[in-house]
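Engineer: Have a look at this one.
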Amino acid sequence: MITALCDGLGSGIKAHILSTLTSTIATHFAASESNLRRYIEIISQILPECSERNLGYSTFTISDIDSSGRNKLIEFDNPSAILIRNGKTERIQRRKVSVKYGKLGSREVYQSVIEMQKGDRLAICSDGVTESGRGEKGMQWGWEEENLAKFCERICRENKELSARQMAKGIVEAAIKNEGGQCRDDATALVINIRRPKKTLLVTGPPSHKKFDAYITDRVKNFIGAKIICGGTTAKIIADMLGRALHTNPAALGRGLPPASEIEGVDLVTEGILTLSKLEEMLDAGSSGKTENTPAEALMELLLESDIITLIVGTKINQTHHNPDFPIDVEIRRNLARRLKRVLENKYLKKVEIELV
Numbered sequence: 001m002i003t004a005l006c007d008g009l010g011s012g013i014k015a016h017i018l019s020t021l022t023s024t025i026a027t028h029f030a031a032s033e034s035n036l037r038r039y040i041e042i043i044s045q046i047l048p049e050c051s052e053r054n055l056g057y058s059t060f061t062i063s064d065i066d067s068s069g070r071n072k073l074i075e076f077d078n079p080s081a082i083l084i085r086n087g088k089t090e091r092i093q094r095r096k097v098s099v100k101y102g103k104l105g106s107r108e109v110y111q112s113v114i115e116m117q118k119g120d121r122l123a124i125c126s127d128g129v130t131e132s133g134r135g136e137k138g139m140q141w142g143w144e145e146e147n148l149a150k151f152c153e154r155i156c157r158e159n160k161e162l163s164a165r166q167m168a169k170g171i172v173e174a175a176i177k178n179e180g181g182q183c184r185d186d187a188t189a190l191v192i193n194i195r196r197p198k199k200t201l202l203v204t205g206p207p208s209h210k211k212f213d214a215y216i217t218d219r220v221k222n223f224i225g226a227k228i229i230c231g232g233t234t235a236k237i238i239a240d241m242l243g244r245a246l247h248t249n250p251a252a253l254g255r256g257l258p259p260a261s262e263i264e265g266v267d268l269v270t271e272g273i274l275t276l277s278k279l280e281e282m283l284d285a286g287s288s289g290k291t292e293n294t295p296a297e298a299l300m301e302l303l304l305e306s307d308i309i310t311l312i313v314g315t316k317i318n319q320t321h322h323n324p325d326f327p328i329d330v331e332i333r334r335n336l337a338r339r340l341k342r343v344l345e346n347k348y349l350k351k352v353e354i355e356l357v
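Residue numbering for the sequence shown follows the UniProt record's numbering, starting at 1 and increasing by one per position.
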């Protein structure tokens, strides 16, 4: 797995172009195991120059982890990566390499090899994080790397199940807080967490025949991971088969969606098509920050915290809404499931399986 965090010179669109181009080039060269000095020289030559500073420049940190957990880390002008192991900062042994970087001349790049262990968290940030709060009381030079490391230690100790997404979000939110609610510089955090894959099962729509009611119920009952049911009829079938109560939660409303419900042993129960359509819209827009406690946002949060997602899609025609000769509701569910699979795999790198029943 190759990841890169890049911070282009300046801010806004120009910085975005520089960082995006650097990320593309850097990950390509890392994958091809090209000579380090050579590809940094190429980056410095290819990047378009900023009209104000007459310089094309972007920082970068590249993490290249193989299947054994060996992480080859390359750091150029970003704050030092922070490795949290067993709730404490682990020292990273770095090797300094001098390289030529365009008009800037000789610059230093740091290389390291980390044998990642289960439970490790590696935090990589832009200087908008470590320099946040500069000039504020008690932070003459900003938050600084030492204080960031202490923050990472604390939140990892407080929540041993803290996910990479939650940790990265927490780091950026803390940086914004240091700035009084609005960052003066781009603040980005990337966190890598070594753990077992998280699995989620999502069941939506009643099955084509009643004989499959027991099948979907057993899948929910015996599944190890997060369990989600989307659809009132589906929820009632499973609740009845399990002999458990189905409670509607009127407080769980938002953005015109029907309220969520509750079944003992199920992580989330929502309405079907409307909530899933809203989920697709949010995933397409990249709205990963949870702002309201709505069913769609709770659903999105669970899916983004997962690695392997199974969608069980019922294919029974809803007799109360549609003519059996025109099963449009079945096609809506199928197509919606396919679109969700596409966006979750292509944009969020999830592994998604669809099962029709």
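The beta-carbon is built from N, C-alpha and C at its ideal position, and this holds for glycine as well.
Ile109 to Asn147, Cα distance in whole Å?
Structural biologist: Position 109 of the sequence shown, counted from the start, is the residue given in the question as residue 109. Position 147 of the sequence shown, counted from the start, is the residue given in the question as residue 147. First, the residue type needs correcting, since residue 109 is Val and not Ile in the sequence shown. About 23 angstroms.
Engineer: So the candidates are Leu202, Phe223, Asp186, Leu9; which of them puts its Cα closest to the Cα of Gly272?
Structural biologist: As a position in the sequence shown, residue 272 is number 272, starting the count at 1. The residue with the shortest Cα to Cα distance from Gly272 is Leu202.
Engineer: To the nearest angstrom, how far is the alpha carbon of Leu9 from that of Thr20?
Structural biologist: As a working mapping, residue 9 is identified with position 9 in the sequence shown. As a working mapping, residue 20 is identified with position 20 in the sequence shown. About 12 angstroms.
Engineer: Give me the Cα-Cα distance between Leu47 and Arg91, rounded to the nearest whole angstrom.
Structural biologist: Here residue 47 refers to the residue found at position 47 of the sequence shown. Here residue 91 refers to the residue found at position 91 of the sequence shown. So the two alpha carbons sit approximately 33 angstroms from each other.
Engineer: Are the beta-carbon atoms of Trp143 and Ala175 separated by less than 8 angstroms?
Structural biologist: Sequence index remark: in the sequence shown, residue 143 carries index 143 (1-based). Sequence index remark: in the sequence shown, residue 175 carries index 175 (1-based). Going by C-beta atoms, Trp143 is nearer than 8 angstroms to Ala175.
Engineer: Pull up the distance between the alpha-carbon of Leu336 and that of Ile237, whole angstroms please.
Structural biologist: What you label residue 336 is simply residue 336 of the sequence shown in a count that begins at 1. What you label residue 237 is simply residue 237 of the sequence shown in a count that begins at 1. Near 22 angstroms, if we compare the C-alpha coordinates of Ile237 and Leu336.
Engineer: State the start and end residues of the unbroken beta strand (DSSP E) segment that holds Ala81.
Structural biologist: Taking the first residue of the sequence shown as position 1, residue 81 is located at position 81. Run containing Ala81: none; DSSP gives neither H nor E here.
Engineer: Would you identify the three-state DSSP class for Arg342, choosing helix, strand or coil?
Structural biologist: Your numbering for residue 342 matches position 342 in the sequence shown. Three-state result, Arg342: helix.
Engineer: Would you identify the three-state DSSP class for Asp325, choosing helix, strand or coil?
Structural biologist: Position 325 of the sequence shown, counted from the start, is the residue given in the question as residue 325. Its pLDDT being 46, under 50, Asp325 is placed unreliably in this model, and the value from its coordinates should be taken loosely. Looking at Asp325 - three-state DSSP - the assignment turns out to be coil, as it is neither helix nor strand.
Engineer: Look at Ala260 and Leu279 and say whether their C-beta atoms are less than 8 angstroms apart.
Structural biologist: Sequence index remark: in the sequence shown, residue 260 carries index 260 (1-based). Sequence index remark: in the sequence shown, residue 279 carries index 279 (1-based). No; because the gap between Cβ atoms is not below 8 angstroms, this pair is not in contact.
Engineer: Classify Thr22 as helix, strand or coil using the three-state DSSP reduction.
Structural biologist: Mapped onto the sequence shown, residue 22 falls at position 22. Residue state, collapsed to three classes: helix.
Engineer: In chain order, what are the residue ranges of uninterrupted alpha helix (DSSP H) at least 4 long that sit wholly in the stretch 254 to 294?
Structural biologist: Those alpha helix (DSSP H) runs which fall completely within the stretch 254 to 294 and span 4+ residues are 273 to 285.
Engineer: Can you tell me whether Pro197 is buried or exposed, with buried defined as 16 or more other CB within 10 angstroms of its CB?
Structural biologist: Locating residue 197 in the sequence shown gives position 197, where the first residue counts as 1. Exposed: under 16 other Cβ atoms inside 10 Å.
Engineer: Quick one: Cα of Asp185 to Cα of Leu246, how far?
Structural biologist: Start at 1 with the first residue of the sequence shown, and residue 185 comes out as number 185. Start at 1 with the first residue of the sequence shown, and residue 246 comes out as number 246. Cα to Cα, Asp185 sits roughly 48 angstroms from Leu246.
Engineer: Excluding the 5 residues flanking Leu283 on each side, which residues of the same chain have their C-beta closer than 6 angstroms to its C-beta?
Structural biologist: Translated into the one-based positions of the sequence shown, residue 283 becomes position 283. So the list reads Val343, once near-sequence residues are dropped.
Engineer: Identify the residues that DSSP records as bridge partners of Lys100: which are they?
Structural biologist: By 1-based counting over the sequence shown, the position of residue 100 is 100. Paired residues: Ser106.
Engineer: Please report the distance separating the alpha-carbon of Asp325 from that of Tyr215.
Structural biologist: By 1-based counting over the sequence shown, the position of residue 325 is 325. By 1-based counting over the sequence shown, the position of residue 215 is 215. Low local confidence applies: a pLDDT of 46 at Asp325 is under 50, so the model's placement there is unreliable, and no value is given.
Engineer: Can you tell me whether Phe223 is helix, strand or coil according to DSSP?
Structural biologist: The residue you call residue 223 lines up with position 223 of the sequence shown. In the structure shown, Phe223 sits in coil (DSSP, three-state: anything other than H, G, I, E or B).
Engineer: Taking 8 angstroms as the cut-off, decide whether the C-beta atoms of Cys125 and Thr59 are in contact.
Structural biologist: If you number the sequence shown from 1, residue 125 lands on position 125. If you number the sequence shown from 1, residue 59 lands on position 59. Taking 8 angstroms as the Cβ cut-off, Cys125 and Thr59 do not qualify as a contacting pair.
Engineer: Could you compute how far the alpha carbon of Ile332 sits from the alpha carbon of Ala239?
Structural biologist: Position 332 of the sequence shown, counted from the start, is the residue given in the question as residue 332. Position 239 of the sequence shown, counted from the start, is the residue given in the question as residue 239. So the two alpha carbons sit approximately 24 angstroms from each other.
Engineer: Let me know if Met1 comes out buried or exposed under the rule of 16 or more other beta-carbons within 10 Å of its beta-carbon.
Structural biologist: Here residue 1 is taken as the residue at index 1 of the sequence shown, counted from 1. With fewer than 16 Cβ atoms within 10 Å of its Cβ, Met1 is classed as exposed.
Engineer: Return the chain-ordered list of same chain residues with a C-beta closer than 6 angstroms to the C-beta of Leu356, the five sequence neighbours on each side being excluded.
Structural biologist: Translated into positions along the sequence shown, residue 356 becomes position 356. The residues are Val313, Thr315.
Engineer: Go through its chain and collect everything with a Cβ distance to Asp127's Cβ below 8 angstroms, but skip five positions before and after it.
Structural biologist: On the sequence shown, residue 127 is found 127 positions in, with the first residue counted as 1. Correct list, in chain order: Asp7, Thr59, Asn78, Pro79, Asp185.
Engineer: Should Ser44 be flagged as near chain C, meaning a C-beta pair shorter than 8 angstroms?
Structural biologist: Although the question refers to chain C, the structure presented lacks it and comprises just one protein chain.
Engineer: Does DSSP classify Glu173 as helix, strand or coil?
Structural biologist: As a first step, residue 173 is located in the sequence shown; it is residue number 173 there, counting from the start. Three-state DSSP puts Glu173 in a helix.
Engineer: Out of Gly256, Ile229, Val269, Gly265, state which residue places its alpha-carbon closest to the alpha-carbon of Thr248.
Structural biologist: Against the sequence shown, residue 248 aligns to sequence position 248. Per the Cα distances, Val269.
Engineer: Find the nearest neighbour of Ala15 within the set Tyr39, Ala30, Gly56, Ala226, judged by alpha-carbon distance.
Structural biologist: In the sequence shown, the residue the question calls residue 15 occupies position 15. Ranking Tyr39, Ala30, Gly56, Ala226 by Cα distance to Ala15 puts Gly56 first.
Engineer: Where DSSP assigns a beta bridge to Val113, which residues make up the other side?
Structural biologist: The residue labelled residue 113 in the question sits at position 113 within the sequence shown. Paired residue(s): Lys72.
Engineer: When DSSP builds the beta bridges, which residues end up paired with Gly8?
Structural biologist: One-based indexing of the sequence shown puts residue 8 at position 8. The partner list for Gly8 (beta bridge, DSSP) reads Ser58.
Engineer: If I follow the unbroken alpha helix (DSSP H) through Glu41, where does it start and stop?
Structural biologist: Position 41 of the sequence shown, counting from 1, holds the residue named residue 41. From DSSP, the alpha helix (DSSP H) with Glu41 extends over 36 to 46.
Engineer: Return the first residue and the last residue of the alpha helix (DSSP H) that Arg154 is part of.
Structural biologist: Counting from 1 along the sequence shown, the entry for residue 154 is found at position 154. Start and end: 144 to 158.
Engineer: For Gly180 and Lys137, I'd like the C-alpha separation in whole angstroms.
Structural biologist: The sequence position of residue 180 within the sequence shown is 180, counting from 1. The sequence position of residue 137 within the sequence shown is 137, counting from 1. Each residue's alpha carbon lies about 12 angstroms from the other.
Engineer: Report the option in Ser132, Glu115, Lys150, Gln182 whose CA atom is closest to the CA atom of Ser68.
Structural biologist: Here residue 68 corresponds to residue number 68 of the sequence shown, with the count starting at 1. Of the listed residues, the one whose Cα sits closest to Ser68 is Glu115.
Engineer: Does DSSP classify Met167 as helix, strand or coil?
Structural biologist: Position 167 of the sequence shown holds residue 167. DSSP places Met167 in helix when its eight states are reduced to three.
Engineer: If you count every other CB in all the chains shown that lies within 10 Å of the CB of Arg37, and 16 or more means buried, which is it?
Structural biologist: As a first step, residue 37 is located in the sequence shown; it is residue number 37 there, counting from the start. With fewer than 16 other Cβ atoms within 10 Å, it is exposed.
Engineer: State the Cα-Cα distance for the pair Glu158 and Met167, rounded to the nearest angstrom.
Structural biologist: Counting from one through the sequence shown, the residue named residue 158 turns up at place 158. Counting from one through the sequence shown, the residue named residue 167 turns up at place 167. In a straight line, the C-alpha of Glu158 is about 11 angstroms away from that of Met167.
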